[in-house]
Every structure is written in C-alpha cells, then in structure tokens.
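Beneath this line is the structure, given in structure tokens, with notes to follow.
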Amino acid sequence: MTRLALYRALLILAAVAVLEILCLTGAIDPLTMQPPHQMAIDLVRLLASGKMNRAILQTVGNAAIACALAVVIGIGFGVVVHRLSAVRDTLDLVFSTYYALPTLAFYPLFIILFGLGPVPQIIMGFLQGVVAVIVSTLDGLDRVPRVLKKLAAAQRMSPLETALKITLPAAAPYLLTGAKLAVAYSIIGVIAAEFLMSQTGIGYQISFAYNNFDNATMYPLILLLVVFSIAVNGTLFRWERRMLRQRGLRA
Amino acid sequence: MTLTVHRTRNLVVLAAVIFVVWEGLFLYAGDNALKSPWQTFAFTGRLIGTEMFWQNFGETMTAFGLALAIAVGVGLSLGFWLGFHAPSGALFTPMLLAFASIPKVVLYPIVLLICGLGISAKVAFGAMHGIPPIALSTLGAIGTVRPVLLRLSRVMHFDSLETLHTIVVPAVLPEMMTGLRIGFSLTLIGTILGEMFASQQGLGYLLMTAIGLHNVDLIMSVTLVLAVLAIAASAVLLTIDRRLRRHF
Numbered sequence: 136m137t138r139l140a141l142y143r144a145l146l147i148l149a150a151v152a153v154l155e156i157l158c159l160t161g162a163i164d165p166l167t168m169q170p171p172h173q174m175a176i177d178l179v180r181l182l183a184s185g186k187m188n189r190a191i192l193q194t195v196g197n198a199a200i201a202c203a204l205a206v207v208i209g210i211g212f213g214v215v216v217h218r219l220s221a222v223r224d225t226l227d228l229v230f231s232t233y234y235a236l237p238t239l240a241f242y243p244l245f246i247i248l249f250g251l252g253p254v255p256q257i258i259m260g261f262l263q264g265v266v267a268v269i270v271s272t273l274d275g276l277d278r279v280p281r282v283l284k285k286l287a288a289a290q291r292m293s294p295l296e297t298a299l300k301i302t303l304p305a306a307a308p309y310l311l312t313g314a315k316l317a318v319a320y321s322i323i324g325v326i327a328a329e330f331l332m333s334q335t336g337i338g339y340q341i342s343f344a345y346n347n348f349d350n351a352t353m354y355p356l357i358l359l360l361v362v363f364s365i366a367v368n369g370t371l372f373r374w375e376r377r378m379l380r381q382r383g384l385r386a
Numbered sequence: 248m249t250l251t252v253h254r255t256r257n258l259v260v261l262a263a264v265i266f267v268v269w270e271g272l273f274l275y276a277g278d279n280a281l282k283s284p285w286q287t288f289a290f291t292g293r294l295i296g297t298e299m300f301w302q303n304f305g306e307t308m309t310a311f312g313l314a315l316a317i318a319v320g321v322g323l324s325l326g327f328w329l330g331f332h333a334p335s336g337a338l339f340t341p342m343l344l345a346f347a348s349i350p351k352v353v354l355y356p357i358v359l360l361i362c363g364l365g366i367s368a369k370v371a372f373g374a375m376h377g378i379p380p381i382a383l384s385t386l387g388a389i390g391t392v393r394p395v396l397l398r399l400s401r402v403m404h405f406d407s408l409e410t411l412h413t414i415v416v417p418a419v420l421p422e423m424m425t426g427l428r429i430g431f432s433l434t435l436i437g438t439i440l441g442e443m444f445a446s447q448q449g450l451g452y453l454l455m456t457a458i459g460l461h462n463v464d465l466i467m468s469v470t471l472v473l474a475v476l477a478i479a480a481s482a483v484l485l486t487i488d489r490r491l492r493r494h495f
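Set out below in structure tokens:
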C-alpha cells in the first residue's frame with residue numbers, strides 16, 4: 136500500500152517535472168500556462184497578501200450554508216416523504232432524472248428573482264446537494280430492520296423516542312453518505328455559480344483573472360481549488376469507509 | 248397494464264404540480280422576472296420556428312455528439328484497462344477518483360487556453376465530465392465479475408476477444424449501462440456549461456446572451472428546451488437501463 140502511494144507520488148512528480156520543462160523551454164507559451172513552480176510561488180504570495188481572504192471566506196461560507204440547508208431540509212423531507220408512499224411514488228420520477236438536469240441553466244432565473252447577491256449561489260449549492268440527501272435518507276429508512284421497529288412497539292416507545300433511539304441510529308450510515316454527497320455537491324454548485332456570474336468568491340476571482348489574462352492569479356487559484364476539493368473529498372471518503380467498516384457494512 | 252396506468256397517473260400529477268408551482272411563482276414574482284407557463288410555451292413555439300434557434304441547437308448537438316463519442320470511447324477503455332490490469336488499477340484508480348471529485352468548471356479556463364474559443368473547447372469540456380463516471384462504473388462492474396466465470400474461460404481456452412464477448416460484456420452490461428447513462432447526462436451538462444461560460448454559438452451561449460439582454464422570454468424558453476431535452480434523454484436511457492437489469 137505504501138509502496139503504491141510512493142509510485143503514485145513519483146508519477147505525479149514526473150508529470151509536474153515534464154510540465155515544468157515544457158514551460159521553461161517555451162514549448163508551452165507562457166501566455167497559456169505558467170511553469171508549476173511559479174504557480175506555487177504565486178499561490179503562497181497570494182495567500183500571504185490576504186487579497187483573497189474575503190473571496191475564500193465567501194465561497195466556503197456559502198458552500199457551508201448550502202450544505203447545511205441541503206442536509207437539514209433533505210433529511211426532513213425524506214422522513215416526511217417516507218411515510219407518504221403515494222407522494223414518494225410520484226417523486227421517484229424526479230429523483231431518478233434530477234441529476235441529468237443542467238441545474239445551472241436555472242441559475243439565470245434565480246438571479247432575476249433574488250438579485251446578484253449570495254442567495255442565488257447558495258440556492259445552486261443547495262439544489263445540487265438536496266436530492267442526494269433525500270434519496271439516501273429514503274434508502275436508509277427503507278433499511279431499518281423490521282425487528283427494531285417491532286422492538287420499539289413492544290417497548291411502547293413514543294414516536295419521538297422511536298426516532299431518536301431506533302430509526303436514526305439504524306439509518307445513520309446512509310444519512311452520512313447523503314451528507315458526504317451534499318458537501319461535495321454544494322461546493323461544486325456554489326463555485327460553478329460564482330464562475331458563471333457573481334460579484335465575489337473564488338470562482339468569480341478565477342473567471343475575472345481569466346478575462347484579464349491574469350495568469351499569475353488564475354493558475355494559483357485553480358491549484359488552490361483543486362487541492363482543496365481533493366482534500367475534502369478524500370477526507371470524507373476515508374471517514375465514510377471507516378464508519379461503514381465499524382458497522383460491518385463493507386469489508 | 249396497471250403499471251402503465253399507475254405511471255401515467257404519476258406523470259400527470261407531477262406535471263400538474265410543476266405547472267401550479269410555476270404559475271404561483273409567476274403570480275408572486277411578476278411579469279418582469281418570470282413568464283407564465285403559457286407565455287413560455289407560446290414563445291418557445293415561436294422560437295423553434297426560427298432558423299437562429301436551429302443553428303444554435305445544431306452547434307450544441309454537434310459538440311455534444313463529439314464529446315459523448317470521446318467520453319464513451321475513453322471512459323470504457325480506461326475502465327476496462329484499470330479493471331483488468333490490476334497493477335494499473337491499484338495505481339491509477341485513486342487518481343481517477345480524485346479527478347472525479349474536482350469541480351471541473353474551474354479547469355475550464357485552462358481548456359480554453361489550450362483549445363481556443365471554438366467548438367473543441369466545448370467538446371473537451373463535455374468529455375471531461377463524461378469520462379470519470381463511465382470509467383468508474385465500468386471498473387466497478389468488472390470488479391464484480393465472478394472469478395469462476397473467468398476461470399471457466401481459461402478452461403475453455405477462450406482467447407481474450409472471446410472472453411470479452413461471451414463472459415465479460417454480458418456480466419458488466421447492466422452496471423456499465425448505468426455508468427453510460429450518468430456519463431451521457433454529465434457530458435450534456437458539461438457541454439452546455441462550456442457554452443454558458445465562453446463560446447460564440449450554441450444553446451448555452453443563447454442563454455447567457457439572453458441574461459445580458461434581460462430577455463426573460465428567451466431565458467425561460469431556452470431553459471425549458473434544455474430541461475425537456477435532458478429529461479427526455481434521461482428517461483429513455485433509464486428505461487433501457489431498467490430493462491437490461493431485469494434481463495440479467
């Protein structure tokens with residue numbers, strides 16, 4: 136495992152080195168791409184200068200709000216719909232085709248409705264995440280073992296007690312999978328919205344730098360976002376795997 | 248029979264709900280922000296009668312078709328390669344997963360700088376969205392092929408083409424189809440996204456120009472066309488997907 140990780144690191148290093156050589160020898164035009172070492176230097180400079188703090192806070196804050204809304208509303212909606220089988224049956228059509236929709240095509244409508252503030256971006260992040268949460272909530276509730284429900288009835292638990300002591304713990308792994316997806320999707324939604332049209336945020340800064348041929352800002356920010364999203368997703372992935380393993384759900 | 252009736256009823260209920268919500272939003276937000284369903288349908292009818300619409304539609308579909316061909320070709324080859332060559336699989340699968348998790352929209356400026364502002368940028372961007380899900384689901388499907396079947400092919404002295412044809416493809420087809428369905432949708436989304444951010448033609452471009460001009464009619468109509476297109480394609484693929492799963 137560790138040797139594999141070493142090979143992987145060497146491979147990435149080699150790719151970066153090739154890119155560096157291509158850039159330094161001029162095979163890649165400096166207007167197209169900067170050499171990787173320059174990107175790293177620029178990134179440190181950019182972060183140290185504090186110019187991007189506001190944009191970073193804005194993006195992370197909006198994504199956090201969108202994600203929290205998606206998780207809370209998604210789980211609430213999932214719990215309610217789970218009890219109404221007719222509604223669930225109808226909504227199944229929506230759930231199964233939802234992620235085929237270019238959600239971003241609706242972004243202009245939200246800008247018209249809510250103005251160019253943070254609200255449309257939060258809505259985009261929320262819309263990306265919420266359906267994944269609903270679907271995994273339904274999935275989790277479907278899989279609560281029947282014997283546990285019987286136990287709750289035998290113990291004469293109140294509905295609230297049943298939810299807190301039986302249903303929630305039993306469905307927890309699936310709810311966590313939903314939450315994991317919500318984190319990843321809401322980040323994508325918020326950044327894509329910022330990128331298309333907004334006034335702040337990292338996505339906006341990248342798009343702004345691109346329009347001004349400002350490679351010294353654009354590439355470091357892209358690097359930052361790529362590293363950030365890989366780190367977040369990698370952490371969540373590992374955390375989920377550990378949770379599932381503890382419950383014996385996946386070897 | 249009852250299933251079809253059931254499904255039709257669900258569809259009708261859903262359409263009615265969407266219609267009511269849309270009309271409600273229209274009444275709440277007013278003529279300046281939204282158009283009513285009727286107005287949008289009427290404008291869409293006029294829009295699809297114009298040559299300008301079909302030009303943009305054709306451009307989007309050409310880009311999408313090319314992107315899809317690349318995504319399917321590269322995605323399937325990558326999936327089969329990483330699935331069957333264990334060392335490569337162990338080495339590259341985490342990298343593929345990492346790439347899949349990046350919000351690809353931030354990479355679009357790089358694609359633009361490399362490809363220029365033509366159709367090739369859109370094609371590359373669409374393919375970038377489609378490749379990871381296709382490759383990952385093919386890879387996952389190959390992991391679930393029962394080893395006894397592969398041993399069988401060795402006992403029968405099948406060559407690799409025969410093994411692929413008689414053992415592997417039938418075994419991975421249902422799950423591969425799911426990956427292709429998701430890849431199809433994501434490639435379409437990627438192509439349109441590329442057009443929205445920077446391009447000179449296509450439905451996504453039309454949408455962004457409409458925002459610039461605050462042409463609410465056009466915004467609503469293009470959004471409607473894109474949504475109907477995506478839903479129709481996804482519904483067809485979902486039906487094929489489900490049928491395949493029932494078969495195997």
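From first to last, the protein sequence lines are chains F and E. Our numbering numbers the first residue of the first sequence as 136 and each following residue consecutively. Our numbering numbers the first residue of the second sequence as 248 and each following residue consecutively. Note that the Cβ used here is the ideal one computed from N, Cα and C, for glycine as well.
Mind checking which residues open and close the alpha helix (DSSP H) that includes residue i?
i	result
Ile-301(F)	Counting along the chain, Ile-301(F) falls outside any alpha helix (DSSP H), and DSSP gives it neither H nor E.
Met-353(F)	350 to 381
Tyr-234(F)	Element bounds for Tyr-234(F): n/a, residue is neither H nor E.
Val-270(F)	254 to 277
Thr-160(F)	Counting along the chain, Thr-160(F) falls outside any alpha helix (DSSP H), and DSSP gives it neither H nor E.
Ile-278(E)	Going by the sequence as given, residue 278(E) is Asp instead of Ile. Looking at the DSSP string, Asp-278(E) is not in any alpha helix (DSSP H), and its letter there is neither H nor E.
Asp-177(F)	171 to 184
Asn-347(F)	Element bounds for Asn-347(F): n/a, residue is neither H nor E.
Gln-302(E)	298 to 331
Thr-425(E)	416 to 444
Ile-246(F)	242 to 249
Ile-295(E)	Here Ile-295(E) belongs to no alpha helix (DSSP H), and DSSP marks it neither H nor E.
Leu-364(E)	Where Leu-364(E) is concerned, there is no enclosing alpha helix (DSSP H), given that its DSSP letter is neither H nor E.
Leu-286(F)	281 to 289
Does the beta carbon of residue i come closer than 8 Å to any beta carbon on chain E?
i	result
Ile-156(F)	no
Ala-152(F)	no
Ser-364(F)	yes
Asp-177(F)	no
Val-229(F)	yes
Thr-302(F)	no
Ala-235(F)	yes
Ala-386(F)	Only weak support exists for where Ala-386(F) lies, its pLDDT of 43 falling under 50; the value from the coordinates is given anyway. Not an interface residue.
Leu-360(F)	yes
Pro-170(F)	no
Met-259(F)	no
Arg-309(F)	Just to set this straight, residue 309(F) is Tyr in the shown sequence, not Arg. Not one chain E Cβ lies under 8 Å of Tyr-309(F).
Leu-145(F)	no
Gly-369(F)	yes
Phe-212(F)	no
Glu-353(F)	Residue identity differs from the one stated: residue 353(F) is Met in this sequence, not Glu. With 8 Å as the cut-off, Met-353(F) counts as an interface residue toward chain E.
Ile-208(F)	no
Thr-232(F)	yes
When you compare the CB of residue i with every CB in chain F, is at least one pair closer than 8 Å?
i	result
Phe-311(E)	no
Met-248(E)	Residue placement at Met-248(E) cannot be trusted, given a pLDDT of 47 that sits under 50; what the coordinates show is reported in the next sentence. So, not an interface residue.
Ala-263(E)	no
Arg-492(E)	no
Phe-290(E)	no
Met-394(E)	The sequence as given places Pro at residue 394(E); Met does not occur at that position. Pro-394(E) does not count as touching chain F.
Ala-382(E)	no
Leu-473(E)	yes
Met-342(E)	yes
Leu-364(E)	no
Ser-367(E)	no
Could you work out which residues of chain E lie near residue i, taking near to mean beta carbons separated by less than 7 Å?
i	result
Thr-225(F)	Asn-257, Val-260 and Leu-261
Tyr-142(F)	Leu-338
Tyr-345(F)	Pro-356
Leu-331(F)	Met-443 and Phe-444
Met-248(F)	The sequence shown places Leu at residue 248(F), not Met. Chain E residues near Leu-248(F): Ala-276 and Ala-280.
Going along chain F in order, which residues have a C-beta closer than 8 Å to the C-beta of residue i?
i	result
Ala-333(E)	The contacting residues do not exist; Ala-333(E) stays about 11 Å from chain F at best.
Thr-470(E)	Ala-240, Phe-241, Pro-243 and Leu-244
Report the neighbours of residue i on chain E: residues whose CB is nearer than 8 Å to its CB, in chain order.
i	result
Ile-322(F)	Pro-350
Ala-327(F)	Pro-350, Val-352 and Leu-440
Leu-357(F)	Here residue 357(F) turns out to be Ile, not Leu, going by the sequence shown. Chain E residues near Ile-357(F): Val-353, Leu-354, Pro-356 and Ile-357.
Identify the contact partners of residue i in chain E, using a Cβ-Cβ distance below 9 Å as the criterion.
i	result
Gly-338(F)	Pro-350, Val-352 and Val-353
Ile-191(F)	The contacting residues do not exist; Ile-191(F) stays about 14 Å from chain E at best.
- Does the stretch 342 to 354 of chain E come within contact of the stretch 405 to 421 of chain E, defined as at least 3 CB pairs closer than 8 Å? Output reads no: the stretch 405 to 421 of chain E does not touch the stretch 342 to 354 of chain E.
- Item | contact_flag[the stretch 255 to 268 of chain F, the stretch 310 to 325 of chain F] where n(CB pairs < 8 Å) is 3 or more | yes
- Three or more beta-carbon pairs under 8 Å between the stretch 242 to 259 of chain F and the stretch 169 to 185 of chain F, yes or no? no
- Message: Three Cβ pairs or more, each shorter than 8 Å: is that satisfied between the stretch 354 to 363 of chain E and the stretch 374 to 383 of chain F?
- Response: No, because fewer than three Cβ pairs between the stretch 354 to 363 of chain E and the stretch 374 to 383 of chain F fall closer than 8 Å, the two stretches do not touch.
- Message: Tell me whether the stretch 388 to 401 of chain E and the stretch 319 to 336 of chain E touch, counting them as touching only if at least three CB pairs, one residue from each stretch, are closer than 8 Å.
- Response: yes
- Between the stretch 373 to 385 of chain E and the stretch 423 to 435 of chain E, do three or more beta carbon pairs fall short of 8 Å? yes
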